[in-house]
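Here is the structure we will look at, set down as C-alpha coordinates.
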Amino acid sequence: AGGHNGLAGYFKSAELYNESIGIWTTTGNMSVARIDHTASRLVNGLVLVTGGWNGYEGFHNSAELYNESTGTWTTTGNMSVQRRFHTASRLANGLVLVAGGHDGASFLNSAELYNPSTGTWAITGNMNAARQYHTASTLANGLVLVAGGYNGASYFNSAELYDLSTGTWTTTRSMNVVRGYHKASRLANGLVLIVGGYNRVSYSDSAEFYNLLTSTWTTIASMSIARQYHTASILANGKVLVTGGYNQVDIFNSAELY
1 AGGHNGLAGY FKSAELYNES IGIWTTTGNM SVARIDHTAS RLVNGLVLVT
51 GGWNGYEGFH NSAELYNEST GTWTTTGNMS VQRRFHTASR LANGLVLVAG
101 GHDGASFLNS AELYNPSTGT WAITGNMNAA RQYHTASTLA NGLVLVAGGY
151 NGASYFNSAE LYDLSTGTWT TTRSMNVVRG YHKASRLANG LVLIVGGYNR
201 VSYSDSAEFY NLLTSTWTTI ASMSIARQYH TASILANGKV LVTGGYNQVD
251 IFNSAELY
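Encoded structure:
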(Lines of atoms letter the chains of each structure in order from A and count residues from 1; the text may use other names and numbers.)
(Lines give C-alpha, C1' and ligand atoms only; values in the text may rest on other atoms or scores of the structure.)
Protein backbone atom coordinates (compact mmCIF):
# COMPACT_ATOMS: atom_id res chain seq x y z
CA ALA A 1 0.00 0.00 0.00
CA GLY A 2 1.20 3.48 -0.86
CA GLY A 3 4.69 4.44 -1.98
CA HIS A 4 6.40 6.61 -4.58
CA ASN A 5 8.07 5.82 -7.89
CA GLY A 6 9.78 9.10 -8.72
CA LEU A 7 7.62 9.65 -11.81
CA ALA A 8 3.93 9.32 -11.03
CA GLY A 9 4.03 10.95 -7.61
CA TYR A 10 2.84 9.52 -4.30
CA PHE A 11 0.36 6.67 -4.19
CA LYS A 12 -2.72 5.84 -2.17
CA SER A 13 -3.25 2.67 -4.21
CA ALA A 14 -2.96 -0.84 -2.79
CA GLU A 15 -2.78 -4.35 -4.18
CA LEU A 16 -2.93 -7.94 -2.96
CA TYR A 17 -0.64 -10.85 -3.79
CA ASN A 18 -2.11 -14.34 -4.16
CA GLU A 19 0.66 -16.80 -3.41
CA SER A 20 -1.22 -19.84 -4.73
CA ILE A 21 -1.50 -18.45 -8.27
CA GLY A 22 1.36 -15.95 -8.20
CA ILE A 23 -0.53 -12.84 -9.29
CA TRP A 24 -1.30 -9.36 -7.93
CA THR A 25 -4.75 -7.74 -7.93
CA THR A 26 -5.66 -4.15 -7.14
CA THR A 27 -7.85 -3.40 -4.14
CA GLY A 28 -9.33 -0.27 -2.59
CA ASN A 29 -7.26 2.91 -2.28
CA MET A 30 -6.18 4.38 1.03
CA SER A 31 -7.71 7.73 1.92
CA VAL A 32 -4.28 9.40 1.88
CA ALA A 33 -1.22 9.00 -0.37
CA ARG A 34 1.79 8.19 1.79
CA ILE A 35 5.36 6.91 1.97
CA ASP A 36 7.51 6.05 5.01
CA HIS A 37 4.41 4.80 6.85
CA THR A 38 3.88 1.57 8.77
CA ALA A 39 1.46 -1.32 8.21
CA SER A 40 0.50 -3.78 10.97
CA ARG A 41 -1.84 -6.77 10.85
CA LEU A 42 -4.15 -6.66 13.87
CA VAL A 43 -5.52 -9.61 15.83
CA ASN A 44 -8.95 -8.97 14.29
CA GLY A 45 -7.51 -9.40 10.78
CA LEU A 46 -7.63 -5.72 9.81
CA VAL A 47 -4.45 -3.94 8.69
CA LEU A 48 -3.51 -0.68 10.44
CA VAL A 49 -1.56 1.91 8.42
CA THR A 50 -0.09 4.87 10.31
CA GLY A 51 1.61 8.15 9.54
CA GLY A 52 3.99 8.82 6.69
CA TRP A 53 4.51 11.70 4.31
CA ASN A 54 3.73 12.91 0.82
CA GLY A 55 4.88 15.85 -1.24
CA TYR A 56 1.42 17.40 -1.36
CA GLU A 57 0.25 17.41 2.25
CA GLY A 58 3.46 16.90 4.22
CA PHE A 59 3.66 14.74 7.34
CA HIS A 60 0.68 12.72 8.58
CA ASN A 61 -0.68 11.71 11.96
CA SER A 62 -3.59 9.95 10.30
CA ALA A 63 -4.29 6.23 10.51
CA GLU A 64 -6.61 3.92 8.59
CA LEU A 65 -7.74 0.31 8.58
CA TYR A 66 -7.92 -2.11 5.66
CA ASN A 67 -10.66 -4.74 5.65
CA GLU A 68 -9.78 -7.64 3.37
CA SER A 69 -13.34 -8.96 3.26
CA THR A 70 -14.64 -5.73 1.71
CA GLY A 71 -11.45 -4.44 0.07
CA THR A 72 -12.00 -1.04 1.66
CA TRP A 73 -10.18 1.38 3.98
CA THR A 74 -11.73 3.16 6.96
CA THR A 75 -10.13 6.02 8.85
CA THR A 76 -9.51 5.51 12.55
CA GLY A 77 -8.20 7.71 15.35
CA ASN A 78 -5.25 9.98 14.61
CA MET A 79 -1.93 9.60 16.38
CA SER A 80 -1.01 12.34 18.85
CA VAL A 81 1.78 13.59 16.57
CA GLN A 82 2.75 13.43 12.91
CA ARG A 83 5.33 10.73 12.21
CA ARG A 84 7.51 9.51 9.38
CA PHE A 85 10.22 6.82 9.65
CA HIS A 86 8.64 5.50 12.86
CA THR A 87 8.09 1.86 13.83
CA ALA A 88 4.91 -0.03 14.70
CA SER A 89 4.87 -3.23 16.77
CA ARG A 90 1.86 -5.41 17.54
CA LEU A 91 1.94 -6.52 21.16
CA ALA A 92 0.70 -9.77 22.68
CA ASN A 93 -2.48 -8.11 23.99
CA GLY A 94 -3.36 -6.74 20.54
CA LEU A 95 -2.28 -3.14 21.11
CA VAL A 96 0.10 -1.56 18.60
CA LEU A 97 3.13 0.39 19.85
CA VAL A 98 4.31 3.23 17.61
CA ALA A 99 7.69 4.73 18.49
CA GLY A 100 10.02 7.46 17.27
CA GLY A 101 10.28 8.93 13.81
CA HIS A 102 10.25 12.55 12.64
CA ASP A 103 7.39 15.05 12.73
CA GLY A 104 8.69 17.55 10.19
CA ALA A 105 10.39 19.70 12.82
CA SER A 106 12.25 17.33 15.13
CA PHE A 107 13.31 13.76 15.76
CA LEU A 108 10.98 11.99 18.17
CA ASN A 109 11.50 9.90 21.29
CA SER A 110 7.76 9.74 21.96
CA ALA A 111 5.68 6.58 21.79
CA GLU A 112 1.97 5.80 21.78
CA LEU A 113 -0.36 2.81 21.83
CA TYR A 114 -3.24 2.07 19.47
CA ASN A 115 -6.21 0.15 20.85
CA PRO A 116 -8.10 -1.68 18.06
CA SER A 117 -11.14 -2.15 20.30
CA THR A 118 -11.70 1.60 20.67
CA GLY A 119 -9.85 3.01 17.67
CA THR A 120 -8.00 5.39 19.96
CA TRP A 121 -4.39 6.24 20.85
CA ALA A 122 -2.83 6.63 24.31
CA ILE A 123 0.54 8.21 24.98
CA THR A 124 3.04 5.97 26.77
CA GLY A 125 6.57 6.48 28.09
CA ASN A 126 9.22 8.16 25.96
CA MET A 127 12.23 6.30 24.64
CA ASN A 128 15.60 7.26 26.11
CA ALA A 129 16.76 8.47 22.69
CA ALA A 130 14.99 10.19 19.82
CA ARG A 131 15.43 8.10 16.69
CA GLN A 132 14.33 7.35 13.15
CA TYR A 133 15.58 4.62 10.77
CA HIS A 134 15.55 2.23 13.76
CA THR A 135 14.01 -1.22 14.12
CA ALA A 136 11.48 -2.51 16.66
CA SER A 137 10.99 -6.20 17.44
CA THR A 138 8.39 -7.75 19.75
CA LEU A 139 10.17 -10.38 21.85
CA ALA A 140 8.88 -13.70 23.16
CA ASN A 141 8.41 -12.27 26.67
CA GLY A 142 6.34 -9.34 25.40
CA LEU A 143 9.05 -6.68 25.59
CA VAL A 144 9.81 -4.61 22.49
CA LEU A 145 13.45 -4.20 21.44
CA VAL A 146 14.30 -0.95 19.63
CA ALA A 147 17.78 -0.80 18.10
CA GLY A 148 19.92 1.73 16.25
CA GLY A 149 18.73 4.65 14.20
CA TYR A 150 19.56 8.29 13.55
CA ASN A 151 18.81 11.54 15.38
CA GLY A 152 19.89 14.22 12.93
CA ALA A 153 23.39 14.46 14.36
CA SER A 154 24.60 10.89 14.29
CA TYR A 155 23.76 7.24 13.78
CA PHE A 156 24.01 5.05 16.86
CA ASN A 157 24.20 1.50 18.14
CA SER A 158 22.13 1.97 21.29
CA ALA A 159 19.19 -0.29 22.11
CA GLU A 160 16.34 -0.19 24.60
CA LEU A 161 13.42 -2.32 25.76
CA TYR A 162 9.77 -1.29 26.20
CA ASP A 163 7.75 -2.92 28.97
CA LEU A 164 4.00 -2.57 28.45
CA SER A 165 3.24 -3.46 32.07
CA THR A 166 5.04 -0.32 33.28
CA GLY A 167 4.90 1.83 30.15
CA THR A 168 8.62 2.48 30.45
CA TRP A 169 11.82 2.02 28.44
CA THR A 170 15.05 0.53 29.80
CA THR A 171 18.40 0.68 28.03
CA THR A 172 20.03 -2.62 27.18
CA ARG A 173 23.47 -3.33 25.76
CA SER A 174 24.36 -1.61 22.51
CA MET A 175 24.84 -3.35 19.19
CA ASN A 176 28.39 -4.03 18.06
CA VAL A 177 27.87 -1.87 14.96
CA VAL A 178 26.47 1.65 14.62
CA ARG A 179 23.61 1.49 12.11
CA GLY A 180 20.34 2.82 10.74
CA TYR A 181 18.28 1.55 7.79
CA HIS A 182 19.00 -2.01 8.98
CA LYS A 183 16.49 -4.85 9.28
CA ALA A 184 15.53 -6.95 12.30
CA SER A 185 13.97 -10.43 12.37
CA ARG A 186 12.87 -12.34 15.47
CA LEU A 187 13.77 -15.97 14.98
CA ALA A 188 11.96 -19.06 16.28
CA ASN A 189 14.62 -19.52 18.98
CA GLY A 190 13.90 -16.04 20.37
CA LEU A 191 17.06 -14.37 19.07
CA VAL A 192 16.76 -11.16 17.06
CA LEU A 193 18.83 -11.02 13.88
CA ILE A 194 20.02 -7.57 12.76
CA VAL A 195 21.45 -7.22 9.24
CA GLY A 196 22.93 -4.47 7.09
CA GLY A 197 22.32 -0.75 7.29
CA TYR A 198 24.23 2.50 7.02
CA ASN A 199 26.18 4.70 9.47
CA ARG A 200 26.95 7.87 7.44
CA VAL A 201 30.49 6.61 6.74
CA SER A 202 29.80 3.25 5.11
CA TYR A 203 27.19 0.68 4.16
CA SER A 204 27.17 -2.48 6.25
CA ASP A 205 27.21 -6.16 5.38
CA SER A 206 27.46 -7.11 9.05
CA ALA A 207 24.99 -9.17 11.05
CA GLU A 208 24.50 -9.78 14.76
CA PHE A 209 22.14 -11.49 17.20
CA TYR A 210 20.46 -10.05 20.29
CA ASN A 211 19.92 -12.58 23.08
CA LEU A 212 17.23 -11.47 25.51
CA LEU A 213 18.27 -14.00 28.16
CA THR A 214 21.78 -12.55 28.42
CA SER A 215 21.10 -9.02 27.09
CA THR A 216 24.08 -9.43 24.77
CA TRP A 217 24.86 -8.98 21.09
CA THR A 218 26.90 -11.54 19.16
CA THR A 219 28.49 -10.83 15.78
CA ILE A 220 27.94 -13.55 13.19
CA ALA A 221 28.99 -14.10 9.57
CA SER A 222 28.46 -11.10 7.30
CA MET A 223 26.17 -10.97 4.29
CA SER A 224 27.81 -11.29 0.89
CA ILE A 225 26.93 -7.66 0.04
CA ALA A 226 26.60 -4.46 2.09
CA ARG A 227 22.98 -3.25 1.89
CA GLN A 228 20.53 -0.59 3.02
CA TYR A 229 16.88 -0.29 1.91
CA HIS A 230 16.82 -4.10 1.75
CA THR A 231 14.13 -6.44 3.08
CA ALA A 232 14.41 -9.37 5.48
CA SER A 233 11.67 -12.03 5.61
CA ILE A 234 11.38 -15.09 7.84
CA LEU A 235 10.44 -18.15 5.78
CA ALA A 236 8.34 -21.14 6.83
CA ASN A 237 11.49 -23.25 7.26
CA GLY A 238 13.00 -20.71 9.67
CA LYS A 239 15.54 -19.26 7.25
CA VAL A 240 15.75 -15.50 6.68
CA LEU A 241 15.59 -14.20 3.11
CA VAL A 242 17.33 -10.87 2.49
CA THR A 243 16.61 -9.19 -0.85
CA GLY A 244 17.60 -6.07 -2.76
CA GLY A 245 19.01 -2.88 -1.35
CA TYR A 246 21.50 -0.16 -2.21
CA ASN A 247 25.14 0.66 -1.38
CA GLN A 248 25.75 4.00 -3.17
CA VAL A 249 27.31 2.20 -6.14
CA ASP A 250 24.52 -0.19 -7.12
CA ILE A 251 20.86 -0.99 -6.61
CA PHE A 252 20.55 -4.75 -6.14
CA ASN A 253 18.22 -7.48 -7.29
CA SER A 254 20.32 -10.09 -5.48
CA ALA A 255 19.10 -12.19 -2.58
CA GLU A 256 20.67 -14.35 0.11
CA LEU A 257 19.55 -16.74 2.82
CA TYR A 258 20.62 -16.96 6.43
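Position 88, counted from 1, in the sequence shown is what the UniProt record's numbering calls 88; the numbers after and before it change by one each time, with no gaps.
C-beta: ideal position from N, C-alpha, C; glycine also.
Just to confirm, is the Cβ distance from residue 113 to residue 96 under 8 angstroms?
Residue numbering aside, residue 113 sits at position 113 when the sequence shown is read from its first letter. Residue numbering aside, residue 96 sits at position 96 when the sequence shown is read from its first letter. Going by C-beta atoms, residue 113 is nearer than 8 angstroms to residue 96.
Between residue 13 and the rest of its own chain, which residues show a CB-CB distance below 6 angstroms, the 5 nearest in sequence each way excluded?
On the sequence shown, position 13 is the one that residue 13 refers to. So the qualifying residues of the chain are 29.
Which residues does DSSP pair with residue 208 in a beta bridge?
In the sequence shown, counting from the first residue as 1, residue 208 sits at position 208. Its beta-bridge partners are 194 and 219.
Just how far apart, CA to CA, sit residue 207 and residue 82?
As a working note, residue 207 is residue 207 in the sequence shown. As a working note, residue 82 is residue 82 in the sequence shown. Answer to the nearest angstrom: the Cα atoms are 32 angstroms apart.
Curious, which full-length beta strand (DSSP E) runs of at least 3 residues does the segment 76–133 contain?
List check, beta strand (DSSP E) in window: 87–90, 96–99, 111–115 and 120–124.
To which residues of the same chain is residue 195 closer than 7 angstroms at the C-beta, ignoring the five residues directly before and after it?
The sequence position of residue 195 within the sequence shown is 195, counting from 1. Counting only Cβ-Cβ distances below 7 angstroms, and skipping sequence neighbours, we find 182, 183, 207, 223, 232 and 242.
Taking residue 167 as the reference, give the member of 142, 153 and 158 with the closest Cα.
Here residue 167 refers to the residue found at position 167 when the sequence shown is read from its first residue. Residue 142 is the option with its Cα nearest to residue 167.
If I measure Cβ to Cβ from residue 18 and keep anything under 8 angstroms in the same chain, skipping five residues before and after, which residues do I get?
One-based indexing of the sequence shown puts residue 18 at position 18. Same-chain partners within the cutoff: 24 and 25.
So, with DSSP's three-state summary, where would you put residue 189?
Locating residue 189 in the sequence shown gives position 189, where the first residue counts as 1. Three-state DSSP puts residue 189 in coil, outside helix and strand.
Secondary structure at residue 12, three-state DSSP: helix, strand or coil?
As a working note, residue 12 is residue 12 in the sequence shown. Residue 12: coil per DSSP, three-state reduction.
By Cβ distance below 7 angstroms, which residues in the same chain neighbour residue 37 in space, the five residues on each side in sequence not counted?
As a first step, residue 37 is located in the sequence shown; it is residue number 37 there, counting from the start. 2, 49, 50, 51 and 52.
Comparing alpha-carbon positions, which option in 58, 62, 94 and 84 lies nearest residue 41?
Taking the sequence shown and counting its residues from 1, the one referred to as residue 41 is at position 41. Checked all of 58, 62, 94 and 84; the closest Cα to residue 41 is 94.
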